[in-house]
Each structure stands twice: as C-alpha cells, then as structure tokens.
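This report concerns only the one structure given below.
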Amino acid sequence: MAPLLTPADIEARAASCGKSMAQVCREAAIAPSTFSRWKAKKTEPTLDVYRRLVEAAFAPREVA
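Numbering (UniProt numbering), first residue to last: 1 to 64.
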C-alpha cells in the first residue's frame with residue numbers, strides 16, 4: 001500500500017496544477033483552518049476529508 005500524502009505533498013500538487021490551497025479547500029468543501037491544523041500536526045483529517053482534499057488537489061484547474 002502506498003503511503004498517504006502529507007500536507008506538503010498536497011500543497012505541491014495543488015501548486016503544480018496552478019491552484020491555491022484556498023481554492024483546493026473550497027473545492028473539497030473544508031475550511032482552510034482544517035487544512036492548517038492538519039499541517040501544524042494539531043489534528044488528523046478524517047478519511048472523507050483526506051479523500052476530498054486529494055481529489056481537489058489532483059483535479060485539473062477549471063478555466064473560467
């Protein structure tokens with residue numbers, strides 16, 4: 001089984017897709033503070049939140 005992505009991995013992927021973490025959090029329907037707490041190791045995301053973050057970070061950027 002592959003290791004889980006870290007907050008830094010998710011940030012790097014979002015950046016490579018031209019997305020800010022605020023945009024990724026919006027797409028994942030979570031508060032940016034939720035991601036910040038995970039990044040600061042104050043909490044761990046639920047599996048559902050983790051899945052939504054990864055999907056949002058890896059989704060192609062929508063062009064308006």
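We put the beta carbon where it would ideally sit given N, CA and C, even for glycine.
Asked, Found
"Limits of the alpha helix (DSSP H) - the one that residue 25 falls within", "21-28"
"Host alpha helix (DSSP H) of residue 34 (start-end)", "32-39"
"Cutoff 8 Å; reference residue 32; Cβ partners in own chain excluding five residues on either side", "21, 22, 25"
"Beta-carbon gap between residue 59 and residue 10 smaller than 8 Å", "no"
"Residue 15, enclosing alpha helix (DSSP H) - first and last residue", "7-16"
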